[in-house]
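One structure is given below, encoded as structure tokens.
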Amino acid sequence: MTRDRDFTAYVLARWPLVARAYVLLGVPVAVAESLTREVFAEVLPRWGSLQRDGDLGVELAQVVVDRWARAGAKPAPQPMMVPTPLLLTSELEQRMALLVRLGDGLAGLDETTRLAVVLHHLLGLDLAEVAAVLGATPAAVRYRVQDAAHTLDLGSLGLACPEAAAAIGVSPPDLAGIEARFRASRRRRWLASGAIGAAVVLVAAGVTLLVRPAPEPTLDPLPVTPADNPVGVAWWLGGTLHLDTGTVRVSGVRHLVESGDLVVYGDGDGQVVAVGEDGSRQVLGTMDVGTSLVSSQRAGLVAWLEPDQGDLVVWSAAGSRVVGTLPTVRDTVLVGWDRDRLYFRDDFIDQSLTVGSDELVVSTVSPPVSGALGPLVDVAAEVQLWPERGLSLTVVHPVDRAEVVVPGTSGQLSPDGRFVVTVGRPGGPAAYDAATGEAMGTWFPDDWTPMAAAFTSEGRVVWSVSRVGSYTLIDCLVARGYVNSFAVDSEPCTPRLDLHGVPVLAGGEPGLVPST
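Each residue of the sequence shown is one higher than the one before, starting from 535 at the first, in the numbering used here.
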């Protein structure tokens, strides 16, 4: 890390703000510093791509919020505990008094408003950026921030928040601790949401089911041929599985996902297998080959449906075991994961399954206020995508349930919930701002035909396309507006890779391929 001066300078500048933000959110100073260390350790492996393609402020804030939620800090914060400085000047005494008033006031606000105030007035995000982090509209964020200013009655919060936060004494940036944390978690980053206990309980419809704790059998490791993957997801074609830094020979792959640092595939016989970068393999179970295999890469969770209308199975890379099963009724469809929440449809009812520290809880998903003409299409960062009347889709935002209609017969949300990419219109896939519905434009030429597609963890799309009888694999930014806003000098697409067929892409999104 010390070799990257830009990252070091970034940590030195942002460490105090992040730690103080956690304190304002009700976290004790010592815990706030630990969370801050974890935040920068999570940002470190993505630093290069974020500099090229991302908005650092938004990405950092998203990690801050995610860590806060994972730490169990979501309920109303406890009274602010800030050590009193040994040398208390009159200026610092005034700041401490302001800090107490601000802390008490923030504790009385709802969770989303509290986050909006801290992100906007302390971390310095503008309203549109706060909206992107919270999955809301800028108008809704503006209302919350203005309402908070009226409720707190501290004058300008833009002045009061930084002034009060300056009274919070935090330790100097722990550069060595960040690097140590990164190295320790490099192979197991999916543990960020917390280790899942061995005695996980599934609670659904008043029924408690103990999980099956038996370990899965291992297979002989596969020889790995070193090779850099030219695109941002694992993929399989013609018996070769392309990992991040090498390839292995595997036959009959039908489904493919990434989970933590593992790649998980389902083959034509329904066997579900996890493969490591070193070629190690582990059998996870069996699945209905006609259904989906879905994963949350960050949380290290994978789900599938067992054959013959069997159980819904949830497997965790933390401990390498099945952590829960759920009996299904009929016509079950897995929609996908949003962080640690699985969305699915069973018996014609849209539902979600939450993976917690000691239980899995099922709840019903509410459709849009305007109604929906079909099942839930996708969820990302709590933003939902539903079918709408005519050739259109409805985007529903989590905070105020605001709805935005975009053209298309099917589509998918980007992992951060900021964009929706749709198909079903002449001229190929189209990208829209999920908050406003504004057309953003894609880097997808109109003379290409999408055959397969998958979002990467870095906000890009890997496309498998047909071009006049030939096949090409290419990795592009999701929307032209994304490049114009954040990385105007970066290459929008990687060099094209010509193939002899259509590959199976990890996390392949069926909603981005026109139905035939």
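Ideal Cβ placement from N, Cα and C applies to all residues, glycine included.
In the DSSP annotation of this structure, the continuous segment of the beta strand (DSSP E) that includes Ser-830 starts and ends at 828-830. Taking all protein chains shown into account, Val-817 has fewer than 16 neighbouring C-beta atoms within 10 Å of its C-beta and is therefore exposed. The three-state secondary structure of Val-592, taken from DSSP, is helix. Where Gln-805 is concerned, the enclosing beta strand (DSSP E) starts and stops at 805-809. The beta carbon of Arg-715 is closer than 7 Å to those of Arg-571, Glu-572 and Ala-575 in its chain, skipping five residues each way along the sequence. Between the stretch 914-927 and the stretch 674-685, the count of Cβ pairs shorter than 8 Å is below three; the stretches do not touch. The three-state secondary structure of Ala-666, taken from DSSP, is helix. Between the alpha carbons of Ser-991 and Val-939 lies a gap of roughly 25 Å. Beta-carbon to beta-carbon, Leu-1039 and Ser-1004 are separated by about 18 Å, too far to satisfy the 8 Å threshold.
In this structure, Pro-909 sits near Arg-879, with a CB-CB distance shorter than 8 Å. Within the DSSP secondary-structure output, Tyr-544 pairs in no beta bridge. Listed as beta-bridge partners of Tyr-966 by DSSP are Val-954 and Ala-973.
Shown here, Arg-554 sits in a helix according to DSSP, grouped into three states.
In the DSSP assignment, Ser-926 is bridged to Glu-922 and Pro-941. Using a Cβ distance threshold of 8 Å, Met-821 and Gly-804 count as a contacting pair. Under DSSP, the beta-bridge partners assigned to Gly-780 are Pro-760. According to the DSSP assignment, Glu-792 belongs to the beta strand (DSSP E) that extends over 787-793. Contact fails between the stretch 690-700 and the stretch 943-958, because fewer than three Cβ pairs, one in each stretch, are under 8 Å apart. Note that the stretch 555-569 touches the stretch 635-645; at least 3 beta-carbon pairs, one per stretch, sit closer than 8 Å. Residue pairing from DSSP places Arg-855 in a beta bridge opposite Ser-850. Leu-686 counts as buried, since no fewer than 16 other beta carbons sit within 10 angstroms of its beta carbon. Residue range 672-686 is occupied by the alpha helix (DSSP H) that includes Asp-681. Burial state of Val-863 is exposed, judged by a 10 Å Cβ sphere holding fewer than 16 other Cβ atoms.
When the alpha-carbon of Thr-646 is set against those of Arg-629, Trp-602 and Glu-627, the nearest one is in Trp-602. With a threshold of 16 other beta carbon atoms within 10 Å, Asp-812 falls short and is exposed. Taken through DSSP and simplified to helix, strand or coil, Arg-935 comes out as coil. In the three-state reduction of the DSSP assignment, Gly-637 falls in the helix class, which pools H, G and I.
Following the DSSP letters along the chain, one finds Thr-888 inside the beta strand (DSSP E) bounded by residues 883-889. By the Cβ-count criterion, Gln-946 is buried, with 16 or more other Cβ atoms from all chains shown falling within 10 Å of its own Cβ. If you compare the alpha carbons of Leu-657, Arg-635, Val-765 and Gly-582 with that of Pro-1029, the shortest gap goes to Val-765.
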